[in-house]
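Shown next, in structure tokens, is the structure this report addresses.
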Amino acid sequence: MNLLPETLPTRGNAQPGTVYLVGAGPGDPELLTLRALRLIGAADVLVYDQLVSDAILELANPVAERIYAGKQRGHHTVPQEELNQLLVRLARTNRSVVRLKGGDPYTFGRGGEEVETLRENGVPFEVVPGVTAAAGVAAYAGIPLTHRNYAQACVFVTGHLKDGSMNLDWPGLARRRQTVIVYMGLHGLPYLCEQMIAHGLPPNWPAAIVQQGTTPNQRTVTGTLATLPALAEAAQLKAPTLIIVGEVVRLKDKLAWFE
Ligand code: SAH
269 MNLLPETLPT RGNAQPGTVY LVGAGPGDPE LLTLRALRLI GAADVLVYDQ
319 LVSDAILELA NPVAERIYAG KQRGHHTVPQ EELNQLLVRL ARTNRSVVRL
369 KGGDPYTFGR GGEEVETLRE NGVPFEVVPG VTAAAGVAAY AGIPLTHRNY
419 AQACVFVTGH LKDGSMNLDW PGLARRRQTV IVYMGLHGLP YLCEQMIAHG
469 LPPNWPAAIV QQGTTPNQRT VTGTLATLPA LAEAAQLKAP TLIIVGEVVR
519 LKDKLAWFE
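In the numbering used here, each number is its position in the sequence shown, counted from 1, plus 268.
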């Protein structure tokens, strides 16, 4: 299936025996790159994550094989090592393989691990970046990641809990003039806010959490480090969610356009 004009310059369509690690963006199919669109339409096999939206899967060749490699919090449907080997095996069937990941494959996506295995096994590959959740959510929620008046730096961290806590550089995160973006942070939100205050940010420091950004189900809850955990719980947010901490959150009322 060719979804793009013939005149558009390209490095070529999906090659047999090659694995394409493709970022599918945060949800809205309009945010796919041209390279992603071309490869999704051409691939013989798609191996996709839970975060990849149905609207994007519908762009695949109807005869392509689809393999769900979804991961849910707490239990990995397919263990990572098995998944790495699966990509090698599929490539050896001499078909073109698109490994579709939510957002960007190299941002909290374990893309590095998959590519390492491909290289070790001599399987040709290409990596196609995608719009990471932070960039998508920032744009669609009206919360710039940086702003000359509020934040000169932006840090992406994982809020995934290990043994009930987060092993993060709290003094480095609890800084003014910086935006902190937390991926996978919903369950750890109370702990996160507590630690940010304990390490020096004021309780009234702005914070927001955005559910299913760039999709029709996008919802933003804004508050402060002191109030956000209770507000988020009351809102019964659904995954995936992204947390944004910093004064840029104040701009939302002026800049929001999508919700
Ligand atoms: N590789 C992905 C991130 C994978 S980790 C990327 O670059 O975006 C999964 C986490 O990403 C989720 O727990 C959530 O924190 C975040 N996320 C992904 N898509 C999102 C979306 N549409 N809205 C809000 N958060 C999202």
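Don't be surprised by glycine CBs; every beta carbon is placed ideally from N, CA and C.
Check	Outcome
According to DSSP, simplified to helix, strand and coil, what is residue 484?	coil
Looking at the structure shown, is residue 416 part of a helix, part of a strand, or coil, going by DSSP?	coil
From this set, 494, 526, 376, 483, which residue's C-alpha is nearest residue 506's C-alpha?	483
Could you check the C-alpha separation between residue 422 and residue 276 for me, to the nearest Å?	35 Å
Is the beta carbon of residue 434 within less than 6 Å of some heavy atom of the ligand SAH?	no
In or out: residue 382 buried (at least 16 other Cβ within 10 Å) or exposed?	buried
Helix, strand or coil for residue 474 per DSSP?	strand
Do residue 355 and residue 363 have their C-beta atoms closer together than 7 Å?	no
Looking at residue 476: is its Cβ nearer than 7 Å to the Cβ of residue 449?	no
Using DSSP with H/G/I as helix, E/B as strand and the rest coil, what is residue 518?	helix
Of the choices 432, 393, 447, 410, whose alpha-carbon is the least far from that of residue 489?	410
For residue 367, which beta-bridge partners are listed by DSSP?	289, 315
Going by other Cβ atoms of all chains shown within 10 Å of its Cβ, with 16 needed for buried, is residue 218 buried or exposed?	Absent from the structure is residue 218, since the part of the chain shown begins at 269 and ends at 527.
What do you reckon, is the C-beta of residue 510 under 6 Å from a heavy atom of the ligand SAH?	yes
Would residue 400 pass as a contact of residue 371 if the rule is Cβ separation under 7 Å?	yes
Hey, out of 319, 432, 312, 441, whose CA is closest to residue 424's CA?	441
At a cut-off of 6 Å, would you count residue 459 as near the ligand SAH, judging by its Cβ distance to the nearest heavy atom?	no
With distances taken Cα to Cα, identify the nearest neighbour of residue 432 among 419, 379, 447, 453.	453
Using beta-carbon positions only, say whether residue 318 and residue 338 come within less than 7 Å of one another.	yes
From residue 463 to residue 436, what distance separates their C-alpha atoms?	10 Å
What separation, rounded to the nearest whole angstrom, lies between the Cα atoms of residue 301 and residue 459?	36 Å
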